[in-house]
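Following my numbering, the numbering of the sequence shown begins with 10 at its first residue and continues without gaps.
For glycine and all other residues, C-beta sits at the position ideal for the given N, C-alpha and C.
This report refers to the structure that appears directly beneath it.
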Amino acid sequence: MAPPVSTDTAEPRPRPRPPLEPVRWWRRPWIAPLALFSVTFLLYSVPPYASLDPADARLPIPETPAWYFPVMLVHIFGGTLLTVLVILQVWPWLRSRHPVVHRWSGRIYVLAGIPLVGVPALLIAPFSSTGLGTQVSNTLWAVLWSTFTLLGYVMARRRRFADHREWMLRSFALIYGIAFNRVVILLLLPLAILQARTGAIPNTEAAITLAIAPASSFLSWVVPLLFVEWWIKYRGPRGRRRPAPS
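Written out as C-alpha cells, the structure is:
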C-alpha cells in the first residue's frame with residue numbers, strides 16, 4: 010500500500026545571510042567633509058559667546074526676560090557638544106568597530122541634549138529678535154527635535170534598531186540645520202540685496218536681516234529633514250529591500 014501523499018507544501022527555509030563586511034572608513038567619504046563643516050561652523054559661531062558678554066553676541070539680545078541670555082548660552086554650548094557627538098553617531102566605521110563608543114555617545118546626546126538644547130530652545134524661541142516667522146520656526150524646531158530624539162532613544166531601549174536609526178537620523182538632520190542656516194543665509198543674501206536696490210524693502214542692514222531671517226530659519230531645517238526622509242524611503246536599508254515594481 011502506497012503511503013499517503015501529503016498536500017501540505019513545506020515553506021522554503023530562508024537562506025542564511027552572508028556575514029557583513031567590516032565598514033571601511035574610506036568607503037564613507039562624506040564623513041571627513043561633514044566633520045570639517047562642523048568644526049568650521051563651531052569655530053565661527055561659538056567664540057563670540059565664550060566671553061559671556063551679551064554685547065559680543067551676533068544677534069541683538071532682548072532686555073527682557075532677564076534669563077534669556079543665560080538660557081541662550083546653555084543652548085549654544087549644549088549644541089556645540091551635540092554637534093561633535095553627531096559625528097561619532099553617524100560614522101559607520103566607529104559604529105561597527107567600537108559599538109560601546111557609539112552607545113555611550115548616543116546616551117550623552119539624548120540625556121544631555123534634551124535639557125541643554127531642546128528645552129532652552131523652546132524657552133527662547135518666542136523671544137527671537139527677527140520676527141514672528143523666526144519665532145514659529147524655532148518653536149517647531151525645538152518640538153520636533155526633542156520628539157525625534159526621545160523616540161529614537163525609546164526605540165533603542167526596545168531594541169527596535171531600524172526604527173531607532175531612522176528617528177535619530179531625523180534628529181541629526183535638525184541639529185545640522187543650525188549650521189546649515191549659515192549656508193542658506195549666504196544663498197538668500199543676494200536676493201535680499203536685489204530687493205533692497207529695487208526698493209521692495211528698505212536698503213538697510215536691519216531690513217535685509219528681517220527679510221532673510223524667517224525664510225532661512227525654516228529652510229535650514231526643513232530641507233535637511235526632507236533629504237533624510239527621501240534617503241530613508243529610497244536609499245536606506247528598508248528602501249533598498251523594497252521589491253521593484255513589476
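Own chain partners of residue i with C-beta closer than 7 angstroms, once the 5 adjacent residues on each side are dropped
i: Val237; result: Leu178, Arg179, Ala182
i: Thr197; result: Checking the displayed sequence, the identity of residue 197 turns out to be Leu instead of Thr. Correct list, in chain order: Ile221, Ala224, Ser225.
i: Pro69; result: Ser138
Closest residue to residue i among the options (Cα-Cα distance)
i: Arg174; options: Phe157, Ile187, Tyr58; result: Phe157
i: Phe46; options: Tyr185, Leu228, Leu90, Ile210; result: Tyr185
i: Trp76; options: Leu43, Asp62, Pro42, Ile133; result: Ile133
i: Ala201; options: Arg191, Ala216, Ile85; result: Ala216
i: Pro124; options: Thr92, Val83, Trp100; result: Val83
i: Ala44; options: Val55, Arg206, Val93; result: Val93
i: Trp154; options: Val145, Ser54, Gly122; result: Gly122
Alpha-carbon to alpha-carbon, residue j and residue i
i: Ile40; j: Gln98; result: 11 angstroms
i: Gln204; j: Thr139; result: 18 angstroms
i: Arg106; j: Thr49; result: 27 angstroms
i: Pro79; j: Ala64; result: 13 angstroms
i: Leu159; j: Gly127; result: 11 angstroms
i: Arg112; j: Pro42; result: 23 angstroms
i: Leu120; j: Ser114; result: 10 angstroms
i: Ile96; j: Pro57; result: 23 angstroms
i: Trp176; j: Arg166; result: 13 angstroms
i: Tyr118; j: Leu91; result: 6 angstroms
i: Tyr162; j: Arg169; result: 10 angstroms
i: Pro129; j: Met81; result: 7 angstroms
Cβ neighbours of residue i in the same chain (closer than 8 angstroms, five flanking residues each side left out)
i: Pro74; result: Phe136
i: Pro71; result: Tyr77, Phe136, Ser138
Inter-residue CB distance, residue i and residue j (contact presumed, cutoff 8 angstroms)
i: Val152; j: Leu131; result: 7 angstroms
Close beta carbons around residue i, own chain, < 6 angstroms, minus the five adjacent residues each side
i: Ser229; result: Gly186, Phe189, Asn190, Val193
Can you give, in chain order, each stretch of the alpha helix (DSSP H) that sits fully within the stretch 105 to 137 and has at least 4 residues?
-> 108 to 122, 128 to 133
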